[in-house]
Amino acid sequence: MLVVIGVIATIIGAVAAGKDLFSSQDPPPGASAPAVPGPASTPGGTGGTGGTGGTGGTPTPSTARTRTAEPEQDPETTEPGPGFPRPETRTPTPPAADVPSAKAQPPAHTGPLLVRVDMGTNGKVGPHTYRARSTPGADTYVQDAGGRLDRGCYVQWTLKRGGEVVQLARSERCRPPSITLFNFDSGSLGEVGSYTLTADVTTDWNQTASGTATFEVVPR
């Protein structure tokens, strides 16, 4: 009987000791649970003190910072920073005006005239010698500083035997086309003797010059 009572007392003591151990780990009756962090409030709000046990008042909303969008800058008009050279401004070059080609412009008539009488070869029997009654024909070669002349110059032909005028003729140009400028008449060289053929040239720009060919006519 005593043994049973002792066992019961031992069990009761063990139970009481375990209860005390668990009670020491629990929070005291007046302790409150740790506060859960809530939404942040702005310091400085109006709140009361005392039995409420917390920071009272209405939280002040934070002021939103408004950022003004900066206008985009044109890369071509952006001003360079200090110490950097200003970019060079290129001005468009206007198209060049059409200038007439030098080939299309007539050469300027300058300088003295050079006139030469060129005799043909028909009836020629030697240097500066022709057979009587031949018709060799003749042309002119006229030039100035701009080159050989064709139009705008005129020729007055005079054929003489000794001091006697044998034939006169005119040409409306200085450069022969496909025909001979001066043609001898059939009887102009009919007589033997010394002859001169003179070409007096005048131009539209009031220049004058002369050329002469001297030759002999021998019997046939």
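Residues in the sequence shown are numbered consecutively from 938, following my numbering. Note that beta-carbon positions come from the ideal geometry of N, C-alpha and C, so glycine has one too.
Evaluate Ser1131 with the Cβ neighbour count: other Cβ atoms within 10 Å of its Cβ, from every protein chain shown; 16 or more gives buried, anything less gives exposed.
-> Indexing the sequence shown from 1 puts residue 1131 at position 194. By the neighbour-count rule (16 or more Cβ atoms within 10 Å), Ser1131 is not buried but exposed.
Whole beta strand (DSSP E) runs in the segment 1125–1157 with 3 or more residues, listed along the chain?
-> 1130–1140 and 1145–1155
Beta-carbon proximity list for Asp1081, same chain, < 8 angstroms, skipping 5 on both sides = Within the sequence shown, residue 1081 is the residue found at index 144, counting from 1. Within the same chain, Asp1081 has close Cβ partners His1046, Thr1047, Gly1048, Pro1049, Leu1050, Leu1051 and Gln1144.
Identify whether Thr947 lies in helix, strand or coil by the three-state DSSP scheme.
-> As a first step, residue 947 is located in the sequence shown; it is residue number 10 there, counting from the start. Helix, per DSSP.
How would you label Leu1105, buried or exposed, when you count the other beta carbons within 10 angstroms and need 16 or more for buried?
-> On the sequence shown, position 168 is the one that residue 1105 refers to. Around the C-beta of Leu1105, fewer than 16 other C-beta atoms lie within 10 Å, and the residue is accordingly described as exposed.
What are the boundary residues of the beta strand (DSSP E) that Ala1075 is part of?
-> Against the sequence shown, residue 1075 aligns to sequence position 138. Ala1075 to Asp1081 is the span of the beta strand (DSSP E), which, as asked, contains Ala1075.
Where does Gly1063 fall in DSSP's three states?
-> For the purposes of this step, residue 1063 is taken as the residue at position 126 of the sequence shown. It is a strand residue.
Taking all protein chains shown into account, do 16 or more other C-beta atoms lie within 10 angstroms of the C-beta of Thr1030, making it buried, or fewer, making it exposed?
-> The residue you call residue 1030 lines up with position 93 of the sequence shown. Exposed, since its Cβ has fewer than 16 Cβ neighbours within 10 Å.
What are the boundary residues of the beta strand (DSSP E) that Arg1098 is part of?
-> Along the sequence shown, read from residue 1 onward, the residue named residue 1098 stands at position 161. Per DSSP, Arg1098 is one residue of the beta strand (DSSP E) stretching across Cys1090 to Arg1098.
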